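Numbering (the numbering used here), first residue to last: 88 to 599.
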């Protein structure tokens with residue numbers, strides 16, 4: 088896996104397109120990274136770079152203008168909006184000349200810049216202004232926030248987590264699982280990042296998820312884990328590869344390929360090694376191998392699924408699964424690429440496979456889903472980094488006298504005066520209703536604030552008594568503290584469920 092450079096955040100614009108922003112660094116190197124990202128965005132939308140001066144470059148005024156213009160020219164954006172309240176006419180002329188194929192507009196007044204941003208239609212935009220050049224309201228004009236609760240996706244952490252799990256397992260190939268809408272994130276964004284990092288394939292649950300990836304321009308191998316036979320034609324048309332989960336399913340795939348005149352359609356054969364849910368049974372291996380000898384279908388990989396890879400108390404049964412899989416692959420599907428190790432398996436492969444050379448080939452390919460986000464057995468020991476954070480803001484403070492409850496049902500009365508903060512997130516955003524009434528906390532400035540009363544559809548309240556909390560302050564529903572694992576445990580569920588129930592109105596913001 089290759090490292091990702093840059094410190095850019097990315098958010099979808101309601102008008103269409105993407106807003107790229109980096110307020111943390113302002114030198115020509117960071118500007119170049121941003122312009123390259125802007126140039127590399129898919130589709131044919133216009134590209135607009137909003138840039139300011141780079142005074143810390145050590146260059147004279149005219150030289151800076153020349154270099155900035157050359158950067159804009161080289162990366163091929165259609166328009167450049169230059170924020171230049173302190174620029175001379177000579178600097179403006181030199182930049183315009185250096186960027187002669189770019190439509191350059193100079194702005195000296197913040198109001199004019201914001202008005203232009205408000206009228207900008209569908210476009211990809213890079214906003215790269217130094218800390219001293221901040222223009223109030225510009226980001227809101229470019230990408231009006233439709234909802235203030237945000238899921239932040241740390242892309243470098245995802246890339247690093249995949250690399251670390253690949254190293255832990257000793258794997259040469261990775262299949263990245265991005266089903267469930269990318270575990271609640273952004274499957275297209277993830278697919279593009281992972282494809283660029285050279286993963287061996289992506290895996291989704293249903294055909295329509297794979298079609299969406301193809302329509303977004305993603306070309307790497309895509310496995311469909313739960314394919315309905317009625318979608319075989321759609322999958323073949325879009326170059327998607329089905330997981331075959333039973334003997335009748337294999338017969339259906341072969342019959343469809345024969346009827347459609349298809350040759351060598353890659354399929355992925357699932358073996359039931361003990362999970363008792365999906366997969367070819369041991370007594371069906373021979374006839375499956377015989378049918379696959381026909382030219383209609385091509386065996387892409389052989390795979391299976393661990394039932395309890397994350398439960399050390401069931402390691403004996405897991406080892407039985409691994410051995411059964413290895414035996415069946417060696418007996419009937421010799422030489423085929425195979426994979427059974429998931430995130431938990433990748434994290435624990437060393438302990439399972441040490442001293443078992445006959446199982447060594449099981450390391451070759453791993454499937455990683457939740458582990459991409461820093462969630463795996465022994466995550467800390469492997470150096471994994473949490474890659475997701477769900478945050479919101481305080482919308483209002485309320486003084487509640489002793490003896491009074493809060494919200495629906497007047498619940499959670501206390502024997503002392505309190506100050507409560509109303510947070511702009513609720514169960515419509517994916518925060519569990521069961522975590523009200525002090526069952527969980529949110530993070531604020533190093534403090535954990537207990538929930539009070541019921542979690543509502545669009546808001547919740549937390550106790551901020553004695554703290555200098557203000558409207559507009561950010562709070563962490565889960566992320567660094569409290570963690571997603573802690574919230575899931577308090578809600579009596581698993582991280583997968585909390586991720587996949589994040590509401591569509593929550594903004595997805597990627598940081599790079």
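Glycine included, each C-beta is placed from N, C-alpha and C at the ideal position.
Quick caveat: nothing in here was measured; it's all calculated off a predicted structure.
- For residue 224, the number of other beta carbons within 10 angstroms of its own is below 16, and it is reported as exposed.
- Residue 282 is a Cβ neighbour of residue 307, given a cutoff of 8 Å.
- For residue 97, the pairing in a beta bridge is given by DSSP as 107 and 597.
- DSSP places residue 248 in no beta strand (DSSP E) but in the uninterrupted alpha helix (DSSP H) bounded by 242-256.
- For residue 193, the enclosing beta strand (DSSP E) begins and ends at 190-194.
- Contact check for residue 546 against residue 512 passes: the beta carbons are separated by less than 8 Å.
- Annotation: the continuous beta strand (DSSP E) that includes residue 328 extends over 328-331.
- By the CB criterion at 8 Å, residue 310 and residue 355 fall inside the cutoff.
- The C-beta distance from residue 151 to residue 140 rounds to 6 Å, short enough to meet the 8 Å contact threshold.
- The residue among 416, 99 and 539 with its C-alpha nearest the C-alpha of residue 527 is 539.
- The residue among 353, 500 and 411 with its C-alpha nearest the C-alpha of residue 370 is 411.
- Judged by DSSP in its simplified three-state form, residue 316 adopts helix.
- An exposed status is given to residue 591, since fewer than 16 other beta-carbon atoms sit within 10 Å of its beta-carbon.
- A contact between stretches requires three or more CB pairs, one per stretch, nearer than 8 Å, and the segment 477-485 meets this requirement with the segment 227-244.
- Bounds of any alpha helix (DSSP H) do not take in residue 362, whose DSSP letter is neither H nor E.
- Distance check between residue 565 and each of 289, 559, 558 and 585 places 585 closest, using alpha-carbon atoms only.
- Restricting attention to 494, 455, 299 and 279, the CA atom closest to the CA of residue 128 is found in 279.
- Straight through space, the alpha carbons of residue 385 and residue 377 are spaced by roughly 12 Å.
- Counting C-beta pairs closer than 8 Å gives three or more between the segment 391-400 and the segment 356-369, which meets the contact rule.
- Of the residues 351, 469, 446 and 425, the one whose Cα lies closest to the Cα of residue 431 is 469.
- Counting the other CB atoms within 10 Å of its CB gives residue 425 a total of 16 or more, which places it among the buried residues.
- Between residue 132 and residue 210 the beta-carbon gap is near 6 Å, inside 8 Å, which marks them as a contact.
- Residue pairing by DSSP places residue 214 opposite 108 and 137 in a beta bridge.
- In this structure, DSSP gives residue 417 a helical state, which the three-state scheme calls helix.
- Excluding sequence positions up to five before and after residue 437, its CB lies within less than 8 Å of the CB of 255, 256 and 257, all in the same chain and listed in chain order.
- DSSP links residue 143 through a beta bridge to no other residue.
- Around the beta-carbon of residue 199, fewer than 16 other beta-carbon atoms lie within 10 Å, marking it exposed.
- Distance from the CA of residue 486 to the CA of residue 499, rounded to the nearest whole angstrom, comes to 14 Å.
- DSSP, read as helix, strand or coil, puts residue 461 in coil.
- Two segments are said to touch when three or more pairs of C-beta atoms, one from each, lie closer than 8 Å; by this definition the segment 555-564 does not touch the segment 576-585.
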